[in-house]
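Numbering (my numbering), first residue to last: 223 to 383.
Cβ atoms here follow ideal geometry from the backbone N, Cα and C, with glycine treated the same way.
Note that the structure is a prediction, hence the values are computed from the model and not measured.
This is the structure:
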């Protein structure tokens, strides 16, 4: 698919995409009210709420896979990525660390045959050339990017596709 335009469906990291404002206002507890949580693949609504705030990268992967005709539940993708070390779940408090990029690249390559790489310090001006040769691109950006008048407190941290 290199250099080929394709249409991918949109998937949010929450099953009900319109929940973004509620999550921004109330945080992860808002996800306990997501009426579609069971579509995620989680066993409980609590498991869904814990994972959903951490799986923006899996939502991006889900879009890419859907564009290639594959249907996967977001939590199932996160579990698969965890098996490769792409997420680390703390056994004591069940907190989630990730997405860890190198294991993610291995996961998507070995599991889905996707050719992926991690690139750091990419300049905005370089995006046009990358997009000429790639059908898909996931960028890790700070979630504060939604407010262009604010300076993000750090780099990276939230994939957007």
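Under the three-state reduction of DSSP output, residue 309 falls in the strand class. Residue 263 is positioned such that its CB atom lies no closer than 8 angstroms to that of residue 318. Across the set 254, 300, 260, 278, the C-alpha of 278 shows the shortest separation from the C-alpha of residue 234. Between residue 358 and residue 352, the gap from beta carbon to beta carbon reaches 8 angstroms or more.
Secondary structure at residue 318: strand, using DSSP grouped into helix, strand and coil. Shortest Cα-Cα distance from residue 289 to any of 324, 231, 345 involves 231. With fewer than 16 neighbouring CB atoms inside 10 Å of its own CB, residue 372 falls in the exposed class. With a threshold of 16 other beta carbon atoms within 10 Å, residue 246 falls short and is exposed.
Residue burial annotation: residue 248 is exposed, with fewer than 16 other C-beta atoms found within 10 angstroms of its C-beta. Following the DSSP letters along the chain, one finds residue 275 in no alpha helix (DSSP H), marked with neither H nor E.
Residue pairing for residue 245: DSSP places it in no beta bridge. Excluding its 5 nearest sequence neighbours in each direction, residue 330 has C-beta neighbours in its own chain below 6 angstroms: 336, 338, listed in chain order. Counting the other Cβ atoms within 10 Å of the Cβ of residue 271 gives 16 or more, which makes it buried.
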